[in-house]
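Participant: Residue numbers (the UniProt record's numbering): 1 to 114.
Note that CB positions come from ideal geometry on N, CA and C, so glycine has one too.
My questions will all concern the structure given below.
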């Protein structure tokens with residue numbers, strides 16, 4: 001998933017949302033597209049689909065209904081295949097805070113800094 005501090009993701013622009021799957025590398029995706037006998041476990045970082053939430057780059061899990069509406073199925077394995085097949089691979093510097101920070105207003109002091 002990360003190589004030298006980089007993270008790669010397959011990005012699929014849906015009708016109303018942008019769907020994202022974390023992948024091992026852009027090269028792994030290209031190799032899989034040329035040879036689909038390569039196991040997806042060697043291509044995909046995790047079999048989880050995310051939706052991008054605005055310019056902050058926060059990733060969230062879509063509802064089953066969102067997946068059904070966009071892809072016609074709730075089967076995430078099928079959706080992952082479609083995203084890496086038809087999406088665009090982007091690679092950027094890894095920033096773990098985009099996945100973990102939920103509320104910075106509390107600071108390090110806990111309950112509202114009191």
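In three-state terms, what does DSSP make of residue 6?
Facilitator: Residue state, collapsed to three classes: strand.
Participant: Enumerate, from N- to C-terminal direction, the unbroken beta strand (DSSP E) stretches of 3 or more residues contained entirely within the segment 47-88.
Facilitator: You should have 50-53 and 58-60.
Participant: Only counting the same chain, and skipping five residues up and downstream in sequence, which positions put a Cβ closer than 8 angstroms to that of residue 49?
Facilitator: Excluding positions up to five away in sequence, the list reads 19, 20, 21, 61, 62, 67, 76, 79, 80 and 83.
Participant: I think residue 23 touches residue 44, with their Cβ atoms under 8 angstroms apart; what is that distance to the nearest whole Å?
Facilitator: Confirmed, about 6 angstroms.
Participant: Under the three-state reduction of DSSP, which class applies to residue 21: helix, strand or coil?
Facilitator: Three-state DSSP puts residue 21 in a strand.
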